[in-house]
Amino acid sequence: MRIIYQLILLWLSLNLILYLFREKRFSFQLSAVMVLILFLLRLLLIK
Numbered sequence: 655m656r657i658i659y660q661l662i663l664l665w666l667s668l669n670l671i672l673y674l675f676r677e678k679r680f681s682f683q684l685s686a687v688m689v690l691i692l693f694l695l696r697l698l699l700i701k
């Protein structure tokens with residue numbers, strides 16, 4: 655179950671990275687970065 659959770663987080667993180675490079679408005683980029691940081695921390699710090 656943990657692997658599925660990590661795969662979902664990885665998929666969402668990759669989508670956020672793509673969105674980050676496509677978006678031109680700085681406020682949208684900033685909000686995407688904040689969510690991406692949370693997702694990456696969850697992905698890397700899960701025990």
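Residue 655 is where the sequence shown starts when you use this note's numbering, and the numbers rise one by one after that. By construction, the Cβ of each residue, glycine as well, lies at the ideal position given by its N, Cα and C atoms. In this text the structure is predicted, and so the values were computed from the model without any measurement.
| Asked | Found |
| --- | --- |
| Straight-line Cα distance separating Met-655 from Val-689 | 23 angstroms |
| Beta-carbon gap between Phe-693 and Leu-672 smaller than 7 angstroms | no |
| Reference Phe-669; option with closest CA among Gln-683, Leu-699 and Arg-679 | The residue asked about is misnamed: residue 669 is Asn in this sequence, not Phe. The residue with the shortest Cα to Cα distance from Asn-669 is Gln-683. |
| Chain-order list of residues whose beta-carbon lies under 8 angstroms from that of Ile-700 (same chain, five-residue window excluded) | Arg-656, Tyr-659 and Gln-660 |
| Reduced DSSP category for Met-655 - H, G, I as helix; E, B as strand; rest coil | coil |
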